[in-house]
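First the structure, in the form of structure tokens, and then the observations on it.
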Amino acid sequence: MPPTRPPYPPELKRQIVELVRAGRSPSELAKEFEPTAQTIQNWVRQADRDEGLRSDGLKSDEREELRRLRRENKQLRIEREILSKAAAWFAAETDAIPNKSSRS
Numbered sequence: 004m005p006p007t008r009p010p011y012p013p014e015l016k017r018q019i020v021e022l023v024r025a026g027r028s029p030s031e032l033a034k035e036f037e038p039t040a041q042t043i044q045n046w047v048r049q050a051d052r053d054e055g056l057r058s059d060g061l062k063s064d065e066r067e068e069l070r071r072l073r074r075e076n077k078q079l080r081i082e083r084e085i086l087s088k089a090a091a092w093f094a095a096e097t098d099a100i101p102n103k104s105s106r107s
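Numbered as in the numbering used here, the sequence shown ends at 107 without a single skipped number.
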């Protein structure tokens, strides 16, 4: 995979969004600055969502909460799996679960 670049500073995003809203085109700004025209369009769309001008996606704070909850959920699943395996191991070591016998 190609190396990823660090995220753009929020101040740069805000300034570029303001320039688009002032009438400059994303492709024009892409030539002047580093982000691509598509990236700039995405920033404008997200800014519109955050300001309530669009309702076709999650706001930034909702997106961050979803990301946090997914990470937490993943961690909890890992911990549950570890506890399940540990409980099974301890049960087998202490003979808490009787072995299956041929008595039916």
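Just so it is clear, CB atoms sit at the ideal spot from N, CA and C, and this is done for glycine as well.
None of the values given here were measured: they were computed from a predicted structure.
Ranked by Cα distance from residue 13, the first of 71, 58, 28, 49 is 49. Measuring C-alpha to C-alpha distances from residue 8 to each of 68, 37, 59, 55 identifies 37 as the nearest.
The shortest C-alpha to C-alpha distance from residue 42 to any of 51, 54, 53, 29 is the one to 29. In the displayed model, residue 32 falls within a helix according to three-state DSSP. Counting C-beta atoms within 10 angstroms of its own C-beta, residue 16 has 16 or more neighbours from the protein chains shown and is therefore classed as buried. Listed in chain order, the non-local C-beta contacts of residue 39 below 8 Å within the same chain comprise 33, local neighbours out to five positions each way being set aside. The DSSP-derived three-state label of residue 17 is helix. Excluding residues up to 5 positions away in sequence, nothing lies with its Cβ nearer than 7 Å to the Cβ of residue 55 in the same chain.
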